[in-house]
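Read through the structure below, which is laid out as C-alpha coordinates, and then see the notes.
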Amino acid sequence: MRALLLAAAAYAARIQIEEDSDFKRRRGLDEEGLKMLAAGNTSMLEHPFGRDDTPSLPEEWKVRLDIEAKIGEGGFGQIFRCKVNCAPTTEFVSVKMVKEDEGSKEEEILKAMHGVSEYCISTVGEPGVVKTGEETWIMTPYFNSGDLFDLRRRCKTTEMCAEGENLQWYWPALGYPFSKAFVLALFYQALQGTQALHGKGFMHRDIKPENIMVSCSEGRLRGKCWATLIDLGLAGPKGEQRAVGTPGYLAPELNPCESECGNPSIDVWSLGATLYRLIYSTPPPFKNDKDGSLAKTYNPYDDSNIPRPPHDLDHLIMAMLDPDPSTRVSLRRKHVSPSRSTFPLK
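Per the UniProt record's numbering, the very first residue in the sequence shown carries number 1; after that it's consecutive.
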(Lines of atoms letter the chains of each structure in order from A and count residues from 1; the text may use other names and numbers.)
(Lines give C-alpha, C1' and ligand atoms only; values in the text may rest on other atoms or scores of the structure.)
Protein backbone atom coordinates (compact mmCIF):
# COMPACT_ATOMS: atom_id res chain seq x y z
CA MET A 1 0.00 0.00 0.00
CA ARG A 2 2.82 2.40 0.88
CA ALA A 3 4.43 1.71 -2.51
CA LEU A 4 1.15 2.56 -4.26
CA LEU A 5 0.82 5.78 -2.27
CA LEU A 6 4.40 6.78 -3.11
CA ALA A 7 3.82 6.03 -6.79
CA ALA A 8 0.63 8.11 -6.77
CA ALA A 9 2.42 10.98 -5.05
CA ALA A 10 5.25 10.86 -7.58
CA TYR A 11 2.75 10.86 -10.46
CA ALA A 12 0.90 13.84 -8.96
CA ALA A 13 4.21 15.66 -8.58
CA ARG A 14 5.06 15.03 -12.23
CA ILE A 15 1.67 16.42 -13.30
CA GLN A 16 2.25 19.46 -11.09
CA ILE A 17 5.66 19.99 -12.68
CA GLU A 18 4.19 19.85 -16.18
CA GLU A 19 1.79 22.64 -15.17
CA ASP A 20 4.42 24.66 -13.25
CA SER A 21 6.08 27.25 -15.46
CA ASP A 22 9.15 27.17 -13.22
CA PHE A 23 9.79 23.58 -14.36
CA LYS A 24 9.57 24.20 -18.08
CA ARG A 25 12.83 24.70 -19.88
CA ARG A 26 13.19 28.22 -21.20
CA ARG A 27 15.31 29.28 -24.12
CA GLY A 28 17.59 32.27 -24.13
CA LEU A 29 16.37 35.18 -26.23
CA ASP A 30 18.11 37.82 -28.30
CA GLU A 31 16.99 41.45 -28.47
CA GLU A 32 14.21 40.72 -30.94
CA GLY A 33 12.95 37.78 -28.90
CA LEU A 34 12.78 39.87 -25.72
CA LYS A 35 10.81 42.55 -27.55
CA MET A 36 8.34 39.96 -28.83
CA LEU A 37 7.98 38.50 -25.32
CA ALA A 38 7.29 41.95 -23.84
CA ALA A 39 4.62 42.39 -26.51
CA GLY A 40 2.87 39.24 -25.29
CA ASN A 41 4.32 36.47 -27.46
CA THR A 42 5.08 33.94 -24.69
CA SER A 43 5.64 31.13 -27.20
CA MET A 44 9.11 32.64 -27.68
CA LEU A 45 10.19 31.03 -24.40
CA GLU A 46 9.67 27.46 -25.59
CA HIS A 47 9.98 27.79 -29.36
CA PRO A 48 12.31 25.04 -30.73
CA PHE A 49 15.15 25.31 -33.20
CA GLY A 50 12.87 24.62 -36.14
CA ARG A 51 13.63 21.08 -37.34
CA ASP A 52 12.48 17.72 -35.97
CA ASP A 53 14.60 15.40 -38.10
CA THR A 54 17.98 14.06 -37.03
CA PRO A 55 20.55 15.77 -39.26
CA SER A 56 23.53 14.06 -40.81
CA LEU A 57 26.91 14.67 -39.26
CA PRO A 58 29.48 16.58 -41.31
CA GLU A 59 31.58 14.40 -43.62
CA GLU A 60 34.61 14.97 -41.40
CA TRP A 61 32.90 13.18 -38.49
CA LYS A 62 30.76 10.48 -40.12
CA VAL A 63 33.35 7.72 -39.70
CA ARG A 64 34.38 8.61 -36.15
CA LEU A 65 30.97 9.42 -34.62
CA ASP A 66 27.39 8.13 -34.58
CA ILE A 67 24.46 10.24 -33.33
CA GLU A 68 22.66 8.33 -30.56
CA ALA A 69 20.17 10.86 -29.22
CA LYS A 70 19.18 14.51 -29.15
CA ILE A 71 19.86 15.73 -25.62
CA GLY A 72 19.08 19.43 -25.90
CA GLU A 73 17.43 22.07 -28.05
CA GLY A 74 17.08 25.83 -28.01
CA GLY A 75 16.16 28.64 -30.30
CA PHE A 76 19.54 28.65 -32.02
CA GLY A 77 20.54 25.01 -32.23
CA GLN A 78 20.44 21.39 -31.10
CA ILE A 79 22.78 19.18 -29.04
CA PHE A 80 23.33 15.47 -29.67
CA ARG A 81 25.00 12.67 -27.77
CA CYS A 82 27.38 10.89 -30.13
CA LYS A 83 29.18 7.58 -29.68
CA VAL A 84 32.90 7.61 -30.46
CA ASN A 85 33.48 4.73 -32.88
CA CYS A 86 37.27 4.75 -32.65
CA ALA A 87 37.46 4.51 -28.84
CA PRO A 88 38.59 1.22 -27.21
CA THR A 89 35.79 1.55 -24.64
CA THR A 90 32.31 3.07 -24.81
CA GLU A 91 32.83 6.80 -24.96
CA PHE A 92 30.59 9.70 -25.89
CA VAL A 93 30.95 13.33 -26.89
CA SER A 94 28.40 16.11 -27.23
CA VAL A 95 27.97 17.69 -30.64
CA LYS A 96 26.20 21.02 -30.97
CA MET A 97 24.69 22.18 -34.24
CA VAL A 98 23.97 25.90 -34.50
CA LYS A 99 23.11 28.31 -37.24
CA GLU A 100 26.22 29.42 -39.13
CA ASP A 101 26.06 33.07 -38.05
CA GLU A 102 25.68 32.10 -34.37
CA GLY A 103 28.42 29.47 -34.42
CA SER A 104 31.32 31.71 -35.41
CA LYS A 105 31.06 33.82 -32.25
CA GLU A 106 30.80 30.76 -30.01
CA GLU A 107 33.79 29.17 -31.73
CA GLU A 108 35.85 32.31 -31.11
CA ILE A 109 35.07 32.33 -27.38
CA LEU A 110 35.66 28.58 -26.99
CA LYS A 111 39.08 28.93 -28.58
CA ALA A 112 39.92 31.83 -26.28
CA MET A 113 38.91 29.71 -23.27
CA HIS A 114 40.88 26.62 -24.37
CA GLY A 115 43.22 25.60 -21.56
CA VAL A 116 41.76 28.16 -19.15
CA SER A 117 39.01 26.00 -17.66
CA GLU A 118 36.90 23.00 -18.65
CA TYR A 119 35.95 24.77 -21.87
CA CYS A 120 37.48 22.98 -24.83
CA ILE A 121 36.85 22.50 -28.52
CA SER A 122 37.35 18.81 -29.19
CA THR A 123 37.84 15.54 -27.35
CA VAL A 124 38.38 13.31 -30.39
CA GLY A 125 41.13 14.98 -32.36
CA GLU A 126 40.71 17.77 -34.86
CA PRO A 127 38.73 19.45 -36.19
CA GLY A 128 36.58 20.34 -33.19
CA VAL A 129 34.53 22.77 -35.26
CA VAL A 130 33.12 22.07 -38.72
CA LYS A 131 31.27 24.62 -40.87
CA THR A 132 28.98 23.39 -43.62
CA GLY A 133 27.88 26.72 -45.06
CA GLU A 134 24.49 26.67 -43.33
CA GLU A 135 25.43 25.32 -39.91
CA THR A 136 28.34 25.20 -37.49
CA TRP A 137 29.04 21.94 -35.65
CA ILE A 138 30.92 22.12 -32.34
CA MET A 139 32.26 19.07 -30.49
CA THR A 140 32.56 19.24 -26.68
CA PRO A 141 32.85 16.74 -23.80
CA TYR A 142 29.78 14.70 -22.86
CA PHE A 143 28.34 15.21 -19.38
CA ASN A 144 26.72 12.02 -18.14
CA SER A 145 24.51 13.35 -15.33
CA GLY A 146 22.34 15.98 -16.97
CA ASP A 147 22.10 19.57 -15.76
CA LEU A 148 21.03 21.40 -12.62
CA PHE A 149 17.55 21.89 -14.08
CA ASP A 150 17.18 18.09 -14.20
CA LEU A 151 18.37 17.96 -10.59
CA ARG A 152 15.63 20.35 -9.46
CA ARG A 153 12.97 18.36 -11.31
CA ARG A 154 14.21 15.18 -9.66
CA CYS A 155 14.01 16.79 -6.23
CA LYS A 156 10.50 18.08 -6.94
CA THR A 157 9.25 14.54 -7.66
CA THR A 158 11.07 12.85 -4.76
CA GLU A 159 9.35 12.37 -1.42
CA MET A 160 10.77 14.66 1.28
CA CYS A 161 13.16 16.47 -1.07
CA ALA A 162 10.76 19.36 -1.70
CA GLU A 163 9.67 19.49 1.94
CA GLY A 164 12.72 20.89 3.69
CA GLU A 165 12.60 23.48 6.45
CA ASN A 166 12.19 27.18 5.65
CA LEU A 167 10.84 26.47 2.15
CA GLN A 168 14.16 24.93 1.10
CA TRP A 169 15.01 21.79 -0.86
CA TYR A 170 16.10 18.83 1.27
CA TRP A 171 18.78 17.44 -1.03
CA PRO A 172 19.78 14.42 1.14
CA ALA A 173 16.41 12.88 0.18
CA LEU A 174 17.95 12.05 -3.21
CA GLY A 175 20.48 9.76 -1.53
CA TYR A 176 24.26 9.66 -1.79
CA PRO A 177 26.09 11.88 -2.72
CA PHE A 178 23.44 14.59 -2.51
CA SER A 179 23.39 17.22 0.23
CA LYS A 180 23.22 21.00 0.37
CA ALA A 181 27.03 21.11 0.51
CA PHE A 182 27.24 18.87 -2.58
CA VAL A 183 24.88 21.12 -4.57
CA LEU A 184 26.75 24.22 -3.39
CA ALA A 185 30.01 22.66 -4.60
CA LEU A 186 28.49 22.16 -8.07
CA PHE A 187 27.27 25.76 -8.08
CA TYR A 188 30.70 26.99 -6.99
CA GLN A 189 32.28 25.24 -9.97
CA ALA A 190 29.86 27.09 -12.27
CA LEU A 191 30.83 30.30 -10.49
CA GLN A 192 34.48 29.49 -11.19
CA GLY A 193 33.61 28.99 -14.86
CA THR A 194 32.03 32.44 -14.88
CA GLN A 195 35.16 33.87 -13.29
CA ALA A 196 37.26 32.24 -16.01
CA LEU A 197 35.11 33.85 -18.70
CA HIS A 198 35.33 37.25 -17.05
CA GLY A 199 39.08 36.83 -16.71
CA LYS A 200 39.34 36.46 -20.49
CA GLY A 201 37.15 39.50 -21.10
CA PHE A 202 33.80 37.80 -21.81
CA MET A 203 30.33 37.72 -20.26
CA HIS A 204 28.17 34.58 -20.45
CA ARG A 205 24.77 36.37 -20.43
CA ASP A 206 22.66 33.22 -20.18
CA ILE A 207 23.51 31.56 -16.86
CA LYS A 208 20.70 29.32 -15.60
CA PRO A 209 20.34 25.76 -14.23
CA GLU A 210 19.83 24.44 -17.77
CA ASN A 211 23.30 25.67 -18.74
CA ILE A 212 25.20 24.04 -15.88
CA MET A 213 26.02 20.45 -16.82
CA VAL A 214 27.07 17.75 -14.37
CA SER A 215 29.28 14.71 -14.89
CA CYS A 216 29.92 11.99 -12.29
CA SER A 217 32.49 9.24 -12.04
CA GLU A 218 31.51 5.60 -11.72
CA GLY A 219 33.07 2.55 -10.08
CA ARG A 220 35.31 3.19 -7.08
CA LEU A 221 35.12 6.93 -7.74
CA ARG A 222 31.31 6.91 -7.68
CA GLY A 223 29.96 10.12 -6.22
CA LYS A 224 32.78 12.31 -7.49
CA CYS A 225 30.97 14.89 -9.62
CA TRP A 226 31.80 18.19 -11.23
CA ALA A 227 29.83 20.92 -12.97
CA THR A 228 30.63 22.93 -16.06
CA LEU A 229 29.05 26.11 -17.42
CA ILE A 230 28.07 25.57 -21.06
CA ASP A 231 26.34 27.26 -24.03
CA LEU A 232 28.13 30.39 -25.13
CA GLY A 233 25.60 31.19 -27.84
CA LEU A 234 24.65 34.53 -26.24
CA ALA A 235 28.06 35.31 -24.72
CA GLY A 236 29.98 38.40 -25.70
CA PRO A 237 32.83 40.73 -24.72
CA LYS A 238 32.70 42.87 -21.61
CA GLY A 239 31.20 46.25 -22.35
CA GLU A 240 29.00 45.05 -25.20
CA GLN A 241 25.53 46.39 -24.51
CA ARG A 242 22.94 43.86 -25.67
CA ALA A 243 19.68 42.85 -24.05
CA VAL A 244 19.92 39.05 -24.31
CA GLY A 245 19.32 36.11 -21.98
CA THR A 246 16.57 34.03 -20.42
CA PRO A 247 13.63 35.78 -18.71
CA GLY A 248 13.63 35.02 -15.01
CA TYR A 249 17.44 35.18 -14.98
CA LEU A 250 17.91 38.64 -16.51
CA ALA A 251 19.45 41.38 -14.37
CA PRO A 252 17.19 44.45 -13.92
CA GLU A 253 19.50 46.64 -16.03
CA LEU A 254 19.23 44.28 -19.02
CA ASN A 255 15.58 44.54 -19.97
CA PRO A 256 15.57 47.12 -21.42
CA CYS A 257 19.31 47.59 -21.84
CA GLU A 258 20.60 50.42 -19.65
CA SER A 259 24.03 52.00 -19.15
CA GLU A 260 25.27 49.11 -16.98
CA CYS A 261 23.99 46.29 -19.21
CA GLY A 262 27.50 45.65 -20.55
CA ASN A 263 28.93 45.12 -17.07
CA PRO A 264 29.86 41.57 -15.92
CA SER A 265 27.61 42.14 -12.90
CA ILE A 266 24.74 40.94 -15.10
CA ASP A 267 26.21 37.43 -14.77
CA VAL A 268 26.28 37.81 -10.98
CA TRP A 269 22.53 38.43 -10.98
CA SER A 270 21.97 35.32 -13.11
CA LEU A 271 24.16 33.28 -10.76
CA GLY A 272 22.11 34.61 -7.85
CA ALA A 273 18.85 33.64 -9.54
CA THR A 274 20.31 30.19 -10.21
CA LEU A 275 21.48 29.73 -6.61
CA TYR A 276 18.05 30.90 -5.43
CA ARG A 277 16.41 28.03 -7.32
CA LEU A 278 18.91 25.52 -5.94
CA ILE A 279 18.24 26.53 -2.33
CA TYR A 280 14.59 27.62 -2.08
CA SER A 281 11.80 25.29 -3.19
CA THR A 282 9.49 28.22 -4.00
CA PRO A 283 10.31 30.19 -7.18
CA PRO A 284 11.32 33.86 -6.92
CA PRO A 285 8.78 36.66 -7.45
CA PHE A 286 10.42 37.58 -10.78
CA LYS A 287 10.18 34.09 -12.33
CA ASN A 288 7.56 35.12 -14.92
CA ASP A 289 9.13 38.46 -15.79
CA LYS A 290 8.24 39.32 -19.40
CA ASP A 291 9.39 42.93 -19.73
CA GLY A 292 11.89 43.45 -16.91
CA SER A 293 9.42 45.15 -14.58
CA LEU A 294 9.42 42.37 -11.96
CA ALA A 295 13.22 42.32 -11.74
CA LYS A 296 13.37 46.11 -11.50
CA THR A 297 10.93 46.22 -8.58
CA TYR A 298 12.33 43.15 -6.81
CA ASN A 299 13.76 43.77 -3.35
CA PRO A 300 15.47 40.73 -1.78
CA TYR A 301 14.88 42.19 1.68
CA ASP A 302 11.12 41.95 1.11
CA ASP A 303 11.22 38.41 -0.33
CA SER A 304 9.11 36.09 1.86
CA ASN A 305 10.96 33.02 0.55
CA ILE A 306 14.19 34.16 2.22
CA PRO A 307 14.33 33.21 5.94
CA ARG A 308 14.35 35.89 8.62
CA PRO A 309 16.82 36.40 10.06
CA PRO A 310 18.88 35.46 7.00
CA HIS A 311 21.82 33.08 7.33
CA ASP A 312 25.14 33.50 5.52
CA LEU A 313 23.95 31.73 2.37
CA ASP A 314 20.77 33.82 2.31
CA HIS A 315 22.87 36.97 2.60
CA LEU A 316 24.96 35.81 -0.35
CA ILE A 317 21.87 35.29 -2.51
CA MET A 318 20.52 38.70 -1.50
CA ALA A 319 23.87 40.33 -2.35
CA MET A 320 23.92 38.68 -5.78
CA LEU A 321 20.35 39.82 -6.44
CA ASP A 322 21.01 43.43 -5.44
CA PRO A 323 18.93 45.45 -7.96
CA ASP A 324 21.64 48.13 -8.10
CA PRO A 325 24.55 46.92 -10.28
CA SER A 326 26.91 49.46 -8.70
CA THR A 327 26.54 47.87 -5.26
CA ARG A 328 25.88 44.27 -6.34
CA VAL A 329 28.52 41.83 -5.11
CA SER A 330 31.19 40.95 -7.70
CA LEU A 331 33.18 37.77 -8.30
CA ARG A 332 36.39 38.92 -6.62
CA ARG A 333 35.55 39.12 -2.95
CA LYS A 334 35.75 36.38 -0.36
CA HIS A 335 32.49 35.37 1.19
CA VAL A 336 32.14 32.46 3.62
CA SER A 337 29.11 30.22 3.11
CA PRO A 338 27.35 28.24 5.88
CA SER A 339 29.32 25.14 4.81
CA ARG A 340 32.47 27.17 5.61
CA SER A 341 33.69 26.92 2.06
CA THR A 342 35.05 30.15 0.60
CA PHE A 343 33.21 31.95 -2.19
CA PRO A 344 35.48 34.53 -3.87
CA LEU A 345 33.21 37.53 -4.13
CA LYS A 346 33.67 41.26 -3.81
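Don't be surprised by glycine CBs; every beta carbon is placed ideally from N, CA and C.
| Asked | Found |
| --- | --- |
| Run of the beta strand (DSSP E) containing A69, from where it starts to where it stops | 65-73 |
| For R27, the nearest candidate out of S145, G272, V244, T194 (CA to CA) | V244 |
| Any non-hydrogen atom of the ligand PLP closer than 7 Å to L110 Cβ | As far as ligands go, the structure on display features none, and thus does not contain the ligand PLP. |
| Inter-residue Cα distance where the pair is G74 and R25 | 9 Å |
| Alpha carbon of P284 to alpha carbon of A173, nearest angstrom | 23 Å |
| Local Cβ density within 10 Å of G103, reported as buried at 16 or more and exposed below that | buried |
| Sub-8 Å separation of I67 and L232 beta-carbons | no |
| Cβ pair H198, L331 closer than 8 Å | yes |
| Sequence-distant residues of the same chain with beta carbon closer than 6 Å to I266, five excluded per side | A251, L254 |
| Stretch pair the segment 163-177 + the segment 78-92: three plus CB contacts closer than 8 Å | no |
| Cβ shell of M1 (< 7 Å), same chain only, five flanking positions each side left out | Confidence at M1 is low in this model, with a pLDDT of 49, below 50, so its placement is unreliable and the value that follows should be read with caution. Same-chain partners within the cutoff: there are none. |
| Buried versus exposed call for C161 [16 or more other C-beta atoms within 10 Å across all chains shown] | buried |
| Reduced DSSP secondary structure (H/G/I, E/B, other) of V268 | helix |
| K296 versus F149 - alpha carbon distance | 25 Å |
| 8 Å contact criterion, which L275 and I317 should meet: CB distance rounded | 6 Å |
| Buried or exposed by the 16-neighbour rule on C-beta atoms within 10 Å, applied to E210 | buried |
| Sheet register partners of Q168 (DSSP bridge) | Y280 |
| P300 - DSSP class collapsed to helix/strand/coil | helix |
| N- and C-terminal bounds of the alpha helix (DSSP H) containing F187 | 180-199 |
| Residues that E135 bridges to, as DSSP identifies them | K99 |
| Proximity to I71 [Cα-Cα], best of F143, I207, L29 | F143 |
| Same chain, Cβ closer than 7 Å to P55, neighbours up to 5 away in sequence not counted | M97 |
| Contact check, T228 vs M213, beta carbons under 8 Å | yes |
| V183 to A39 span [Cα, whole Å] | 37 Å |
| Beta-carbon gap between L191 and L271 smaller than 8 Å | yes |
| Outcome for V329 when other beta-carbon atoms lying within 10 angstroms are tallied against a minimum of 16 | buried |
| For T136 and V129, believed in contact at Cβ under 8 Å, the rounded distance | 7 Å |
| Where K290 sits in the DSSP three-state scheme | coil |
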